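Just so you know, the sequence shown maps onto residues 2 to 194 in our numbering.
Report on the following structure.
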Amino acid sequence: MPYEKIIDFDLYDEYGRLIKKRRDISDIQVLRRILGFFREPLFRKWVYLFFIIIIIGSISGFLMPWLFGKLVNEGLGGGIKFNKEPFYFFGIIILLLMLISFGTWIGQQFTVYYLATSLMHRLRRKLFINLQRLSFDYFDDPTRSSGKIISYLTNDVETIHQLVSSGLLNVFAHIFQIGGALILMFIKYVHLS
2 MPYEKIIDFD
12 LYDEYGRLIK
22 KRRDISDIQV
32 LRRILGFFRE
42 PLFRKWVYLF
52 FIIIIIGSIS
62 GFLMPWLFGK
72 LVNEGLGGGI
82 KFNKEPFYFF
92 GIIILLLMLI
102 SFGTWIGQQF
112 TVYYLATSLM
122 HRLRRKLFIN
132 LQRLSFDYFD
142 DPTRSSGKII
152 SYLTNDVETI
162 HQLVSSGLLN
172 VFAHIFQIGG
182 ALILMFIKYV
192 HLS
């Protein structure tokens with residue numbers, strides 16, 4: 002099981018020398034802390050909106066193959082005679098579903114980036130407040146320059162931003178879509194599933 006080593010630099014012995022205390026934090030604990038931010042009231046409404054958009058987009062995505070099947074069966078299933086009415090009817094519905102899917106995709110991307118950017122802003126504010134509370138001894142340590150501190154903070158927050166914006170929330174969307182597809186498979190074709 003992979004562990005990430007985090008070093009706390011706030012412990013000193015009686016001579017003022019730095020004591021490095023190591024804590025083992027698993028990836029699951031880091032993920033829980035990140036997801037804990039989404040429980041705050043600021044993020045909660047956006048998370049709900051994100052899942053509503055996922056549900057609407059998934060339903061429209063699941064309906065399109067079914068409608069194409071109906072279109073082929075009713076429009077072309079009559080043999081030689083060609084029936085235009087199903088093409089117009091199902092064509093308009095499929096076009097509307099494509100527009101809905103496109104709109105939900107844009108909405109999903111917007112909410113993901115909004116949540117990731119808001120989380121990054123919140124983390125930077127908390128880190129700034131914590132840096133203000135540290136003593137001058139923390140910053141006067143010769144092994145730790147102010148450039149290194151800022152670099153660590155900037156890189157770590159940017160890494161979390163990339164994790165949330167490019168992966169974490171989209172994983173939940175894909176899990177929901179796979180679950181919905183499995184449910185539809187079992188409802189529609191039990192023998193094949």
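For glycine and all other residues, C-beta sits at the position ideal for the given N, C-alpha and C.
Keep in mind it's a predicted model, so treat the numbers as computed, not measured.
> Can you tell me whether DSSP reads Ser146 as helix, strand or coil?
Replying inline: coil
> What is the C-beta distance between Gln110 and Ala174, in whole angstroms, given that I count them as a contact (C-beta under 8 Å)?
Replying inline: At roughly 11 Å, the Cβ-Cβ gap does not stay under 8 Å, so Gln110 and Ala174 are not in contact.
>> Can you give me the C-alpha to C-alpha distance between Val165 and Val158, rounded to a whole angstrom?
In response: 11 Å
> Taking Cβ to Cβ, would you say Ser61 is nearer than 8 Å to Thr118?
Replying inline: no
> Are the Cβ atoms of Ile150 and Leu124 separated by less than 8 Å?
Replying inline: In this structure, Leu124 does not lie closer than 8 Å to Ile150 by Cβ.
> Which same chain residues, not among the five before or five after Gly76, have their C-beta less than 7 Å away from its C-beta?
Replying inline: Asn84, Pro87, Phe88
> Under 8 Å between the Cβ atoms of Val113 and Leu43?
Replying inline: no
> DSSP on Ser152, reduced to helix/strand/coil?
Replying inline: Ser152 falls in the helix class under three-state DSSP.
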